[in-house]
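Reading through the structure tokens given below for one structure.
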Amino acid sequence: MDPTHAHELIEGERERIKELLTSAAAERAADLEAAADARTSVSDSANPLAQELLDDAVAERLSARLAALDRANERLRAGTYGVSLRSGRPIPDERLEANPAAELLVDEVG
Numbered sequence: 001m002d003p004t005h006a007h008e009l010i011e012g013e014r015e016r017i018k019e020l021l022t023s024a025a026a027e028r029a030a031d032l033e034a035a036a037d038a039r040t041s042v043s044d045s046a047n048p049l050a051q052e053l054l055d056d057a058v059a060e061r062l063s064a065r066l067a068a069l070d071r072a073n074e075r076l077r078a079g080t081y082g083v084s085l086r087s088g089r090p091i092p093d094e095r096l097e098a099n100p101a102a103e104l105l106v107d108e109v110g
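Printed below as a string of structure tokens:
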């Protein structure tokens, strides 16, 4: 894959993930404020906790995705982008288009 195009894909995905993280943080703040304002009964107290756990899980996944994109940028700078970390075989451009942070071939995942 052309390094310029790879860089554009990675940076585009990084911006998308950053926007999602910002949105998730804003939603969490709004949820926490609404929960603090609401006078819920004891039976309703699990709902905000469940939402908080879900929000944490989403933020964790988005942060992990951002870290994977940072690693992809490092591989791009090092000249090893598009090569499987496990086997050293080239990762098809179609896979990199779909997932610019791909580190493995499809048959190596899992």
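According to this note's numbering, the sequence shown holds residues 1 to 110 in order. Note that beta-carbon positions come from the ideal geometry of N, C-alpha and C, so glycine has one too.
Check: Residue 90, DSSP secondary structure in three states; Outcome: strand
Check: Reference residue 105, options 99, 97, 91, closest by Cα; Outcome: 91
Check: Backbone secondary structure at residue 5 - three-state DSSP; Outcome: helix
Check: Test item: CB-CB of residue 20 and residue 62 under 8 Å; Outcome: yes
Check: Cβ pair residue 6, residue 96 closer than 8 Å; Outcome: yes
Check: Distance between residue 102 and residue 69 (C-alpha atoms, nearest Å); Outcome: 9 Å
Check: Alpha-carbon spacing of residue 13 relative to residue 100, whole angstroms; Outcome: 8 Å
Check: Helix, strand or coil at residue 109 according to DSSP, with G and I counted as helix; Outcome: coil
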